[in-house]
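Enquirer:
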Amino acid sequence: MSQAEPAGSAGNQGPGIPLLSMKGIGKTFGSVRVLGGVDFELAGGEVHILAGENGAGKSTLIKILAGVYRDWEGAVELGGRQVAFTEPQQARQAGIAVIYQEISLVGTLSVLDNLFLGRELTGGAGMLNRAAQRSRAEKLLAGLDLELDLDRPAGSYPISVQQMVEIAKALSLEARVIVMDEPTSTLSRPEAERLFAMIARLKQRGCGIIYISHKMDEIYRLADRITVLRDGGLVGCSAAAELPEDEFVRWMVGRKITSQFPERNAGPGAPLLEVAGLTLRDSANPRRKPVDNCSFTLREGEILGVAGLQGSGKSELLHALFGTWGSRASGDIRLGGEEFEIKSPRHSIQRGVALLTNDRQGTGCITCMGVRANITLAALERYSPGLWLDYPAERAAAARRADELSLRAASLEMPVGHLSGGNQQKVILAKWLETAPRVFLLDEPTRGVDVGVKHELYDLMNRWTAAGTSIVLITSEMPELLAMSDRIIVMSSGRITAEFTRGEATQEKILAAAMSRAGEAA
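Going letter by letter, the sequence shown gives residues 64 to 585 in the numbering used here.
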């Protein structure tokens, strides 16, 4: 790393001096070069999109800026002064805030405690000033149009609300440089709109925002400039108004993508999963039903889309089918013509039901374990017929799945936490494919992955259904839902309010059905 002044105040930004300048940034992990000579600049009052496929080097560049990595090449200037952060605290003190894609809140602590964790407000005698913290927290949340119980454990709120708390926490630093990594990946449209309004206010205050996203609509809505990385190198930087979308995609993936979605040559077969009266009761309040008397049929080789607003019960429906909550879920369910009793995830897996959750690092994989161990985790009994694990067979199976899904990892023993978001998602998919599912429940499978990986996942879904696997798909991206689903059911307040065939479904019809009972929820 270049010689630099200690981290601290960056001083006043002079005329023509970028708020942030990163020059010749390089980073190597072992023998793997993940960044090579990357330049990046950010002006005050600017939203600068940092884009690229998963594994392009975006997260590494941000972690260098945030002081997570110490050993790197190049130079970083903040307000014209060279800085070298050796720990995240130094970056925060210098006015850099990072909102990471994965939730980092302590679930058992209150919202209030999470907002000020590690930088608590104190009084003159060094005592904790909770009144000042509460007042500051209320103002922060009001700025995002959030009304939350500050004393409630953060982990008890839905993922989307936790993401908004993460955003509020970062904004509380009053930073001049704010990095947002896929901030809307878990947010509903109204929540995203509140965030966009906050971004506009931050720009007016002169803050510089580095924004990472794979969503074309929000990229072109927010961006002043766009920088694209690919395979650890800089592809280009352009004013957003001067970069056509098709050229932007070509920069990211290195090739031209002719269509956003593959054709669905659907020919669903006989009914495979028949659900009647599925109900899930809240353990704290049995009268509350997150899933209320839901009935539907899933056919062989079919993709059944599930639509609904935040809190509609979509994810709870999938978890109820998977047995996450055991006997709290009830209903008359038949799988392949035979009675299917809701017992536990283990029972569901044995019967051929798999669930990809919407919380990749929380419940999808074990990030400290390697790729091989994660891929075979749900089917480990197959490789341990006796007292010992058949390691060669297990490794061969993991290698086959990694090859099938075009998984990019330095080795099968690399910890999953070191992989890009898209490759982590492929590891989780590979894990469930090892169980040979007949019914694959997919909750936001393309969340936080780049356009290239999305196309790969769409092709995989078509291949799986062509082979007879049936899919229940939840996605918050309406074009994806309409293009990939053979039928769509819509939920509101825990109930199914409408069903549409592929030919009938439109965005307007789906939104109308999603809002039809929204005002009746207790």
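Using N, Cα and C, we set each Cβ at its ideal position, and we do this for glycine too.
1. For Gly271 and Tyr163, I'd like the C-alpha separation in whole angstroms.
2. What do you get for Glu308, buried or exposed, if any count of 16 or more other CB atoms within 10 angstroms of its CB means buried?
3. Taking only runs of the alpha helix (DSSP H) that begin and end inside the segment 334-408, which ones reach a length of at least 4 residues, in chain order?
4. Do you know how far the Cα of Val161 is from the Cα of Val97?
5. Are there three or more Cβ pairs, one per stretch, closer than 8 angstroms when the segment 536-556 is compared with the segment 364-371?
6. So what does Arg550 bridge to, in DSSP terms?
7. When DSSP builds the beta bridges, which residues end up paired with Met524?
8. List in chain order: all unbroken alpha helix (DSSP H) runs of 4+ residues lying wholly within the segment 206-289.
9. Helix, strand or coil: how does DSSP classify Pro448 here?
10. Just curious, the beta strand (DSSP E) that Phe311 is in, first and last residue?
11. Would Ser555 and Ser301 qualify as a contact pair, given that the criterion is a beta-carbon distance under 8 angstroms?
12. May I ask you to report which of helix, strand or coil DSSP gives Ile112?
13. Between the segment 560-575 and the segment 377-385, can you find at least three pairs of beta-carbon atoms closer than 8 angstroms?
14. Closest to Ser411 by C-alpha separation, out of Ala442, Val434, Ala493 and Ala200, would be which residue?
15. First and last residue of the beta strand (DSSP E) that includes Arg587?
16. May I ask you to report which of helix, strand or coil DSSP gives Met578?
17. Which residues mark the beginning and the end of the beta strand (DSSP E) in which Ser122 is found?
18. Using a 10 Å radius around the Cβ and a threshold of 16 neighbouring Cβ atoms, would you call Met547 buried or exposed?
19. Bridge partners of Pro478, per DSSP?
20. At what residues does the beta strand (DSSP E) containing Glu183 begin and finish?
21. Roughly how far, in whole angstroms, is the beta-carbon of Leu265 from the beta-carbon of Arg501, given that I think they are within contact range, below 8 angstroms?
22. Could you check how far apart the C-beta atoms of Ala106 and Leu82 are, in whole angstroms? I think they sit under 8 angstroms.
23. Is Trp451 buried or exposed, if buried means 16 or more other CB atoms sit within 10 Å of its CB?
24. Are the beta-carbon atoms of Ile166 and Ser276 separated by less than 8 angstroms?
25. Can you tell me which of the three DSSP states Asp422 falls into?
26. Around the C-beta of Asp134, are 16 or more other C-beta atoms found within 10 angstroms, so that it is buried, or is it exposed?
27. Between the C-alpha atoms of Gly582 and Thr439, what's the straight-line distance to the nearest angstrom?
28. Tell me, please, whether the CB atom of Arg464 is closer than 8 angstroms to any CB atom in chain B?
29. For Arg268 and Leu207, which I take to be in contact (beta-carbon distance under 8 angstroms), what is that distance rounded to the nearest angstrom?
30. Beta carbon of Gly120, beta carbon of Gly295: below 8 angstroms?
31. Do you know how far the Cα of Gly364 is from the Cα of Val516?
32. Gly99 lies in the beta strand (DSSP E); which residues open and close that run?
33. With distances taken Cα to Cα, identify the nearest neighbour of Ser469 among Glu519, Cys431 and Leu482.
34. Among Glu281, Glu305, Leu574 and Ser248, which has the Cα closest to the Cα of Ile230?
35. Buried or exposed, going by whether 16 or more other CB atoms sit within 10 Å of the CB of Lys202?
36. Compare the Cα-Cα distances from Asn421 to each of Ala339, Ser483 and Leu505 and report the closest residue.
Expert: In short:
1. 16 angstroms
2. exposed
3. 377-385
4. 20 angstroms
5. yes
6. Leu367 and Thr564
7. Per DSSP, none; premise fails for Met524.
8. 222-234, 252-267 and 279-285
9. coil
10. It is not in any beta strand (DSSP E) - Phe311 instead sits in the alpha helix (DSSP H) that spans Glu308 to Val316.
11. no
12. strand
13. no
14. Ala442
15. Outside the displayed span of the chain (64 to 585) sits residue 587, for which this structure offers no information.
16. coil
17. Here Ser122 belongs to no beta strand (DSSP E); instead the alpha helix (DSSP H) covers Lys121 to Leu128.
18. buried
19. Gly433
20. Neither: Glu183 is in no beta strand (DSSP E) and is coded neither H nor E.
21. About 48 angstroms; that fails the 8 angstroms criterion.
22. 6 angstroms
23. exposed
24. no
25. coil
26. exposed
27. Confidence at Gly582 is low in this model, with a pLDDT of 41, below 50, so the placement of that residue should be treated as unreliable; the coordinate-derived value is given next. Distance between the alpha carbons of Gly582 and Thr439 is about 44 angstroms.
28. No chain B appears in this structure, which consists of one protein chain only.
29. The pair is not a contact, with the Cβ atoms about 15 angstroms apart (cut-off 8 angstroms).
30. yes
31. 22 angstroms
32. Val95 to Leu105
33. Glu519
34. Ser248
35. exposed
36. Leu505
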